[in-house]
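What follows is one structure encoded as structure tokens, with my remarks underneath.
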Amino acid sequence: MSYNYLPLDRQHTNFQQLKNLLAFDQLVSITFDAHERILKCRDYLDKKMGDSDALYYGINTGFGYLQNVRIDKDQLEQLQSNLIKSHACGMGEEVPEPIVKLMLALKIKSLGYGHSGVQIATVKRLMDMYNNGVHPVIFTQGSLGASGDLAPLSHLSLPLIGLGEVRYKGIKYPSEVILDELDWEPIQLQSKEGLALINGTQFMTAYGLHNLIQAERLLNWANIIAAISFDAFDCVADPLNANIHKVRPHHGQVSTAEKLRCLLHGSEIMAQKKQQVQDPYSFRCIPQVHGATADTVEYVKTVFIREINSVTDNPNVFPDEDLIVSGGNFHGQPLALTLDFLAIAMAEIGSISERRTYQLISGQRNLPAFLVKNPGLNSGFMIPQYTAAGIVSENKQLCTPASVDSIPSSNNQEDHVSMGANAA
Numbered sequence: 454m455s456y457n458y459l460p461l462d463r464q465h466t467n468f469q470q471l472k473n474l475l476a477f478d479q480l481v482s483i484t485f486d487a488h489e490r491i492l493k494c495r496d497y498l499d500k501k502m503g504d505s506d507a508l509y510y511g512i513n514t515g516f517g518y519l520q521n522v523r524i525d526k527d528q529l530e531q532l533q534s535n536l537i538k539s540h541a542c543g544m545g546e547e548v549p550e551p552i553v554k555l556m557l558a559l560k561i562k563s564l565g566y567g568h569s570g571v572q573i574a575t576v577k578r579l580m581d582m583y584n585n586g587v588h589p590v591i592f593t594q595g596s597l598g599a600s601g602d603l604a605p606l607s608h609l610s611l612p613l614i615g616l617g618e619v620r621y622k623g624i625k626y627p628s629e630v631i632l633d634e635l636d637w638e639p640i641q642l643q644s645k646e647g648l649a650l651i652n653g654t655q656f657m658t659a660y661g662l663h664n665l666i667q668a669e670r671l672l673n674w675a676n677i678i679a680a681i682s683f684d685a686f687d688c689v690a691d692p693l694n695a696n697i698h699k700v701r702p703h704h705g706q707v708s709t710a711e712k713l714r715c716l717l718h719g720s721e722i723m724a725q726k727k728q729q730v731q732d733p734y735s736f737r738c739i740p741q742v743h744g745a746t747a748d749t750v751e752y753v754k755t756v757f758i759r760e761i762n763s764v765t766d767n768p769n770v771f772p773d774e775d776l777i778v779s780g781g782n783f784h785g786q787p788l789a790l791t792l793d794f795l796a797i798a799m800a801e802i803g804s805i806s807e808r809r810t811y812q813l814i815s816g817q818r819n820l821p822a823f824l825v826k827n828p829g830l831n832s833g834f835m836i837p838q839y840t841a842a843g844i845v846s847e848n849k850q851l852c853t854p855a856s857v858d859s860i861p862s863s864n865n866q867e868d869h870v871s872m873g874a875n876a877a
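Note that the sequence shown covers residues 454 to 877 in our numbering.
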């Protein structure tokens, strides 16, 4: 297999692989194992529905509060396409294309476990969409984070049946136009497929992964800028001493102190005798504050890696055990809590950075007021600190936890939801 393809199946997919997928415009594929598991699960489901009159949620029943409504066998295919059409009611701005790409890849990955009951043709079409740059138009608002990301994933799925809109080569088209151009026939969804496609956490997960990628980048720059600020403010080096951090060995704290020592190695300013005994917290506690955020990012990353290596639709099909089981793997609570945690942690990086900015422009340590020649005639960096303060205040509002909220839906059948999409 070409190195330019990322194989998606039940084997572990890591964070770096997903970063590379976007950074290097890799294509996606499924392995032979995933191909066979998908076929086996679909074959089992077809036989089961042909031989049994039992009710299986979302396969031969209505959805949500309508769970007890039996659907006739000759209407099972219509049930699935109806589901996607009715649930594609998102609002707001369009989801950026890199996140749509992640959603497609994550959906393919989840279906590749062979517990969802989809046709192989459906998975192949999702791969074709990804590899040909056919990106469904999806909207940011509408998901409660349980039952999964119903509205966003419905928009993701509309082009499979020739509906909705897509972006192709940077231009928005009706899906049917691009299907015609690429000589693709609309997929005729079979029993359960619509539910398998829209019941999952791929919207929350894709946004969360995007946030983690940005958080890593921002944290790296925050450490570099903090080191420059530390030097410019003529700070005492003692708070970076390795012995301090050995006796409080939080990994992020130890690592941050080491990074700052490396960045400041050889500084002539650092080697000079200091007038002050110690410095303000925003400088002295950089390892503790930046380090705590670094640890948070790593924790959130472990939750998301576990999530991308999971099956999150419902019900789940287990051919070997002869089981079709309804559960709650679509519930986004693990993601909602960690996304809120990530937002709080990153807001603190902005907060402590603004405080260092304030100190640097305050006219201390032989630095001119507002870091400008002829202060008064010139305002220098007075207003950039205002801007920073405004952004820090806004960040505090934006990191108010979304996961503490829940609004019942579907006539109280879905009476607790995660709001994980809002957290993302």
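Think of the CB as a built atom: it goes at the ideal place given N, C-alpha and C, for glycine as much as any other residue.
Just so it is clear, the structure is predicted and the values come from calculations on it, not from any experiment.
For a minimum of 3 consecutive residues, which ranges assigned as the beta strand (DSSP E) are wholly contained in the region 490 to 569?
The qualifying runs are 544 to 547.
CB-CB under 7 Å to H869, same chain, minus the five flanking residues each way: which ones, in chain order?
Translated into the one-based positions of the sequence shown, residue 869 becomes position 416. Result list for H869: S859, in chain order.
Considering only DSSP beta bridges, list what G727 is partnered with.
Taking the first residue of the sequence shown as position 1, residue 727 is located at position 274. The displayed chain sequence assigns Lys, not Gly, to residue 727. The partner list for K727 (beta bridge, DSSP) is empty, contrary to what the question assumes.
Which residue spans inside the region 583 to 665 form an unbroken beta strand (DSSP E) run of at least 3?
587 to 589, 592 to 594, 618 to 621 and 624 to 627
Do you know offhand how far P692's Cα is from C738's?
As a working note, residue 692 is residue 239 in the sequence shown. As a working note, residue 738 is residue 285 in the sequence shown. It is roughly 7 Å from the alpha-carbon of P692 to the alpha-carbon of C738.
Using three-state DSSP, classify L776 as helix, strand or coil.
Taking the first residue of the sequence shown as position 1, residue 776 is located at position 323. Strand, per DSSP.
Does the region 619 to 633 touch the region 849 to 856, meaning 3 or more C-beta pairs lie closer than 8 Å?
With a cut-off of 8 Å on Cβ pairs, the region 849 to 856 is not in contact with the region 619 to 633, counting fewer than three such pairs.
Assuming L597 and S856 are in contact, meaning their beta carbons sit under 8 Å apart, how far apart are those beta carbons, in whole angstroms?
Stepping through the sequence shown from its first residue, residue 597 is reached at position 144. Stepping through the sequence shown from its first residue, residue 856 is reached at position 403. Not quite, the Cβ-Cβ distance comes to about 12 Å (not below 8 Å), so this is no contact.
Could you check which residue in Q533, A685 and A710 has the C-alpha nearest to that of N696?
Taking the sequence shown and counting its residues from 1, the one referred to as residue 696 is at position 243. When only C-alpha atoms are compared, the closest one is A710.
Could you tell me which of H568, V481 and G719 sits nearest to I491, measuring between CA atoms?
Taking the first residue of the sequence shown as position 1, residue 491 is located at position 38. The option with the nearest alpha carbon to I491 is H568.
In three-state DSSP terms, what is N831?
As a working note, residue 831 is residue 378 in the sequence shown. In this structure, N831 counts as strand in the three-state DSSP scheme.
Bridge partners of I483, per DSSP?
Position 30 of the sequence shown holds residue 483. I483 is bridged to L461.
Just to confirm, is the Cβ distance from M556 to Q655 under 8 Å?
Walking along the sequence shown from the start, residue 556 turns up at place 103. Walking along the sequence shown from the start, residue 655 turns up at place 202. By the CB criterion at 8 Å, M556 and Q655 fall inside the cutoff.
State buried or exposed for E563, treating a residue as buried only when at least 16 other CB atoms are found within 10 Å of its CB.
Here residue 563 corresponds to residue number 110 of the sequence shown, with the count starting at 1. The question names Glu, but residue 563 is Ser in the sequence shown. Answer is buried; the Cβ neighbour count reaches 16.
In or out: F683 buried (at least 16 other Cβ within 10 Å) or exposed?
Sequence index remark: in the sequence shown, residue 683 carries index 230 (1-based). So F683 counts as buried.
Whose CA, out of I666, Q866 and A876, lies closest to the CA of G515?
For the purposes of this step, residue 515 is identified with residue 62 of the sequence shown, where counting begins at 1. It is Q866.
Excluding the five sequence neighbours on either side, which residues of its own chain have a C-beta within less than 6 Å of the C-beta of P768, listed in chain order?
Position 315 of the sequence shown holds residue 768. Closer than 6 Å at the Cβ level, and outside the excluded window around P768, lie Y510, I777, V778 and S779.
Checking contacts by CB at 8 Å: is I697 closer than that to chain B?
The structure shown has no chain B; it contains just one protein chain.
Where do the N-terminal and C-terminal ends of the beta strand (DSSP E) with F771 fall, by residue?
Taking the first residue of the sequence shown as 1, we reach residue 771 at position 318. Taken as a continuous stretch (DSSP letters only), the beta strand (DSSP E) holding F771 covers N769 to F771.
Identify the residues that DSSP records as bridge partners of S862: which are they?
Numbered from 1 along the sequence shown, position 409 holds the residue referred to as residue 862. Answer is E867, bridged to S862.
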